[in-house]
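Colleague: To convert, note that position 72 of the sequence shown is 211 in the working numbering; the numbers rise steadily by one, no gaps. One structure follows; several queries about it will come next.
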Amino acid sequence: YKLKNTLQIAGVDGVTIRGATNNRDDVVLVGEGMKKPSPNVPHGFYVVRSKNVSIANLTVKDVQYHCITIQDNAQAPRLYNLRLMDAGEQHVKSNPNGPGSGVNKGVVEYCLIEYTTTCADHYCNGVDVHTGADWAIRHCLFRNIRGNPKSGMGGPAILMWNDSKGTICEGNLFLNCERGIAFGLGNKDKDHEGGIIRNNIFYRSADQGGDAAVVAWKSPGTRILHNTLILSGTYPDAVDARFKESSGLVIANNLADAKINLRDGAT
140 YKLKNTLQIA GVDGVTIRGA TNNRDDVVLV GEGMKKPSPN VPHGFYVVRS KNVSIANLTV
200 KDVQYHCITI QDNAQAPRLY NLRLMDAGEQ HVKSNPNGPG SGVNKGVVEY CLIEYTTTCA
260 DHYCNGVDVH TGADWAIRHC LFRNIRGNPK SGMGGPAILM WNDSKGTICE GNLFLNCERG
320 IAFGLGNKDK DHEGGIIRNN IFYRSADQGG DAAVVAWKSP GTRILHNTLI LSGTYPDAVD
380 ARFKESSGLV IANNLADAKI NLRDGAT
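Okay, here's the thing in C-alpha cells:
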C-alpha cells in the first residue's frame, strides 16, 4: 500500500490496527522515501492522546521521519510483530509531553527494526523514547542501525533518555549496529533511572565501526545482566558506565570480548 497520508490515531482509546495474518510481510505500508521531503507522509503512524493502542502484524517502511510516532499523553502503546525499515530518523519515536511527562508503559516486542544498508545521515535510532517510564522492549531484532559513513556514527538502536526510567530491555538481538542500548545520553542529572538490560545478544563484525554495545549514561540503579556482547575488536569497551550520576549499578554475568568500563566517576 502506497501511503498518501500519515495514518493518525487521535483521541481514541483501545484501538488495534493489525494485518489480517500473522505474517508481517503480507501487509506493507510504503512512504515516499527515507529523508525525502513528504508533507503528506512524514510518518507512517501518528498516535496522540490515545491509550492502549496496538499496532501489529505489518510492515512500515520508507518514511521521511518515523515509522511510528507516539506523543501527547498516548499511554501504554503496544507494537507487536512489526517490520520497520528505512526511516529517515527514528523508526519508533516517543516524544516528551513537558518536563517529566511522556508516554509510559509502552511495549515493543517481536519486531524487526532495520536499515537496508544505513541511515541517510547520522540522526537515527531504532527506538527513541523521551521522558518515558516503565517501557518493555523485548525479543526484537535490530539490524544495521548505522549512520551514513559520510555523515558520522548513528545513534543507539535503543535509546531511553531525557528523564526516562524503569525500562526493561531483554532478549533482543543486535546485528551490525554501531551502538546497542543506551540508558541516558543527555545532560539531565538522572537521564535514565533504574531499569534492567538483560539476556540480550550484540554482535558486530570486525569491518563495522561503532561505540560500546551497552551504555549507562547518568543512569543510577541500572542492572546490566546476562548479556552476550561481541564487538570483534571494533571498540575497547563492551559496557560503558559513564559519569558519577551512574551510581549503584549492578553489572554481572555478562559474556563479552571487550572490557566492562566504569568511567567519569561511575560506580
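By construction, the Cβ of each residue, glycine as well, lies at the ideal position given by its N, Cα and C atoms.
(1) May I have a chain-ordered list of the beta strand (DSSP E) segments no shorter than 3 residues that lie completely inside the region 321-385?
(2) Hey, out of Gly325, Phe281, Lys329, whose CA is closest to Gly319's CA?
(3) Considering only the alpha carbon of each residue, which of Gly387, Ala351, Asp376 lies closest to Thr361?
(4) Buried or exposed: where does Asn264 fall if 16 or more other Cβ atoms within 10 Å of its Cβ makes it buried?
(5) Tell me whether Ser385 is buried or exposed, calling it buried when 16 or more other Cβ atoms sit within 10 Å of its Cβ.
(6) Output the boundary residues of the beta strand (DSSP E) element that contains Asn283.
(7) Return the CA-CA distance between Trp170 and Asn393, expressed in angstroms with no decimal places.
(8) Residues in the same chain with beta-carbon distance under 6 Å from Val231, minus the five sequence neighbours each way, listed in chain order, please.
(9) Suppose contacts are defined by Cβ-Cβ distances below 9 Å. Is Val242 in contact with Ile194 by that definition?
(10) For Ala275, which residues from the same chain have a beta carbon less than 6 Å from its beta carbon, with the 5 sequence-adjacent residues on both sides left out?
(11) Do you know how far the Cα of Ala159 is from the Cα of Lys357?
(12) How far does the beta strand (DSSP E) with Trp274 in it extend, from its first residue to its last?
(13) Alpha carbon to alpha carbon, what distance is there between Lys175 and Val202?
(14) Tell me whether Gly183 sits in a helix, a strand or coil according to DSSP, three-state version.
(15) Using DSSP with H/G/I as helix, E/B as strand and the rest coil, what is Cys206?
(16) Using 9 Å as the threshold, is the C-beta distance between Cys289 and Gly334 below it?
(17) How many whole angstroms separate the CB atoms of Pro235 and Val186, which I take to be in contact at a CB cut-off of 8 Å?
(18) Take every Cβ of the region 341-350, pair it with every Cβ of the region 322-331, and state whether three or more of those distances are shorter than 8 Å.
(19) So, helix, strand or coil for Asn196, using DSSP?
(20) Since Gln214 is in the beta strand (DSSP E), which residue starts that stretch and which ends it?
(21) What three-state label does DSSP hand Asp165 in the structure shown?
(22) So Asn338 packs on Gly310, CB below 8 Å; how close in whole Å?
(23) Identify, in the order they occur along the chain, each residue of the same chain with its Cβ nearer than 6 Å to the Cβ of Leu197, setting aside the five sequence neighbours on each side.
(24) Which residues share a DSSP beta bridge with Arg318?
Modeller: So, from the listed chains and residues:
(1) 335-337, 340-342, 353-356, 362-364, 367-369, 376-381
(2) The residue given as residue 319 occupies position 180 in the sequence shown. Closest option to Gly319, Cα to Cα, is Phe281.
(3) The sequence position of residue 361 within the sequence shown is 222, counting from 1. Thr361 has its Cα closest to that of Gly387, out of Gly387, Ala351, Asp376.
(4) By one-based count along the sequence shown, residue 264 stands at place 125. With 16 or more Cβ atoms within 10 Å of its Cβ, Asn264 is classed as buried.
(5) Along the sequence shown, read from residue 1 onward, the residue named residue 385 stands at position 246. Classification of Ser385: buried, given that the 10 Å Cβ count is 16 or more.
(6) One-based indexing of the sequence shown puts residue 283 at position 144. From DSSP, Asn283 is part of no beta strand (DSSP E); its letter is neither H nor E.
(7) To locate residue 170, count along the sequence shown from 1; it is residue 31. To locate residue 393, count along the sequence shown from 1; it is residue 254. For the sequence presented, residue 170 should be read as Gly rather than Trp. Answer to the nearest angstrom: the Cα atoms are 40 Å apart.
(8) In the sequence shown, residue 231 corresponds to position 92, counting from 1. If we look at Val231 and ignore the five residues flanking it on each side, its Cβ neighbours are Ile207, Val266.
(9) Here residue 242 corresponds to residue number 103 of the sequence shown, with the count starting at 1. Here residue 194 corresponds to residue number 55 of the sequence shown, with the count starting at 1. No.
(10) Taking the sequence shown and counting its residues from 1, one reaches residue 275 at position 136. The answer, listed in chain order, is Val246, Ile307.
(11) For the purposes of this step, residue 357 is taken as residue 218 along the sequence shown, with counting starting at 1. For the purposes of this step, residue 159 is taken as residue 20 along the sequence shown, with counting starting at 1. C-alpha separation (whole angstroms): 43 Å.
(12) Sequence index remark: in the sequence shown, residue 274 carries index 135 (1-based). No beta strand (DSSP E) contains Trp274, which DSSP labels as neither H nor E.
(13) Here residue 202 is taken as the residue at index 63 of the sequence shown, counted from 1. Here residue 175 is taken as the residue at index 36 of the sequence shown, counted from 1. So the alpha carbons of these two residues sit roughly 8 Å apart.
(14) Mapped onto the sequence shown, residue 183 falls at position 44. It is a strand residue.
(15) Stepping through the sequence shown from its first residue, residue 206 is reached at position 67. Correct three-state label for Cys206: strand.
(16) Within the sequence shown, residue 289 is the residue found at index 150, counting from 1. Within the sequence shown, residue 334 is the residue found at index 195, counting from 1. Checking the sequence shown, residue 289 turns out to be Lys, not Cys. Not a contact, by the Cβ cut-off of 9 Å.
(17) Counting from 1 along the sequence shown, the entry for residue 235 is found at position 96. Counting from 1 along the sequence shown, the entry for residue 186 is found at position 47. In fact, because the Cβ distance is near 15 Å, the residues do not count as touching under 8 Å.
(18) no
(19) For the purposes of this step, residue 196 is taken as residue 57 along the sequence shown, with counting starting at 1. Strand.
(20) Looking up residue 214 in the sequence shown gives position 75. Premise fails: Gln214 is in no beta strand (DSSP E) and is neither H nor E.
(21) As a position in the sequence shown, residue 165 is number 26, starting the count at 1. Reduced to three states, the DSSP call for Asp165 is coil.
(22) As a working mapping, residue 338 is identified with position 199 in the sequence shown. As a working mapping, residue 310 is identified with position 171 in the sequence shown. That pair is a contact at about 5 Å.
(23) Looking up residue 197 in the sequence shown gives position 58. Around Leu197: Gly158, Arg163, Val166.
(24) Here residue 318 refers to the residue found at position 179 when the sequence shown is read from its first residue. Paired residues: none, contrary to the question.
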